[in-house]
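Heads up, the sequence shown stops at 1612 in the numbering used here, and the numbers go up one at a time, no gaps.
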Amino acid sequence: MDLIEVERMRLATSRADLALAPGEAVLAGGTWLFSEPQQGLRGLVDLTGLGWEPVIDLPDGGVSIAATCTLAQLRDAASRFGAAAALIAPLVDALLGSWKIHRVATVGGNICTALPAGPMTALASGLGATAVIWTPDGGERRMPVSSFVTGLRSTALAPGEVLRSVEFPPSPAWAAHRRASLSPLGRSAALVVARRDAGGFTLTVTASTPAPCVFAFDALPTAAELAAEVESCAWYEDAHGAPDWRRATTLRFAEELRAEVS
Ligand SMILES: Cc1cc2nc3c(=O)[nH]c(=O)nc-3n(C[C@H](O)[C@H](O)[C@H](O)COP(=O)(O)OP(=O)(O)OC[C@H]3O[C@@H](n4cnc5c(N)ncnc54)[C@H](O)[C@@H]3O)c2cc1C
């Protein structure tokens, strides 16, 4: 849709260009920004001119994904995620857009939009990734993506901050996911990712909760131990699912994943 209040658009080509004037916001793929009215938005600063390398292998065996990496580019890079590679395509497809959307929607844009059904939030939180944030003073700060998304349309970004990249640690030994929606092509209503690595067993709940819920165990929990933790979630309610159904589905998925790894 046309954003009729937007008066100017700038292409950022250097970090200095990211100093935002009042009323400006950063633009990535624009698939959310141009999907609904943006009250008070006067200017856009396009991040795609910064030329960030979409995917970089890290020295520790992890992978750095630029915030501007598109979902299509991420899908192409799946093999760089080791044992977690099988998660990439289904979670890209969990954003129920056409290939045209996947070619422009970005990993950073999905996480910064902070919808409960954000599949990149699920992927990054579920694999223990770190958000690398550029601060307006020229500095950088880091935090787990699972803490970066704080609620419905809410993130830990302070005014003027930009998500630079998402750093995935080396692949876990095992990772799997479960996803449910009310209809075959519906938005995610429950999306659970589990992984097992040297640190133990970690289960991450998204889509059925407003923000990611992460449950980490040193060793594989019993069914009762896992369920007791998952029960502590606050269940989200919208047109894509009632809270009691989301709770029941999430608990079933958690147990399925626990049984699968054991
Ligand atoms: C057909 C269709 C289906 C969709 N399905 C889903 C779905 O299932 N789940 C879901 O979560 N979303 C969905 N969306 C919403 C949206 O398109 C996605 O969340 C998409 O990933 C947003 O990415 P983008 O690059 O287009 O972001 P943009 O629209 O460019 O930006 C989104 C927001 O994030 C901010 N932003 C972007 N990048 C950064 C950055 N690096 N640092 C700081 N702020 C930033 C922008 O200022 C803006 O507020 C869907 C959209 C469409 C059109």
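The C-beta atom is built at its ideal place from N, Cα and C for all residues, glycine as well.
Measure the Cβ-Cβ separation of Ala1539 and Ser1533 and say whether it is below 7 Å.
no
Mind checking which residues open and close the alpha helix (DSSP H) that includes Glu1606?
1593-1611
Is Cys1583 a contact residue of ligand 1, with contact defined as CB to any heavy atom under 6 Å?
no
Just the Cα atoms here: how many angstroms apart are Gly1550 and Thr1556?
20 Å
So for Pro1469, helix, strand or coil by DSSP?
helix
If we count the other Cβ atoms within 10 Å of its Cβ and call it buried at 16 or more, is Glu1517 buried or exposed?
buried
Under 7 Å between the Cβ atoms of Gly1411 and Arg1392?
no
Below 8 Å, how does it come out for the stretch 1399-1416 and the stretch 1429-1448: are there three or more Cβ pairs, yes or no?
yes
CA-CA distance, Ala1369 and Pro1494?
24 Å
When every heavy atom of ligand 1 is checked, does at least one fall within less than 6 Å of the C-beta of Gly1468?
yes
Quick one: what's Pro1494 bridged to in DSSP?
Thr1480
Please list, in chain order, all residues of the same chain as Thr1505 whose beta carbon is under 7 Å from its beta carbon, the five residues on each side excluded.
Cys1462, Ala1464, Phe1498, Val1499
Beta-ladder partner(s) of Ile1406, from DSSP
Ser1414
Verify the contact flag: Trp1484, CB atom, against every heavy atom of ligand 1, threshold strictly below 6 Å.
no
Does Gly1501 come out as helix, strand or coil in the three-state DSSP assignment?
strand
Rounded to whole angstroms, how far is the Cβ of Ala1544 from the Cβ of Pro1560, which I believe are closer than 8 Å?
20 Å between Cβ atoms; not a contact.
Would you kindly check if the distance between the Cβ of Ala1378 and the Cβ of Leu1397 is under 7 Å?
yes
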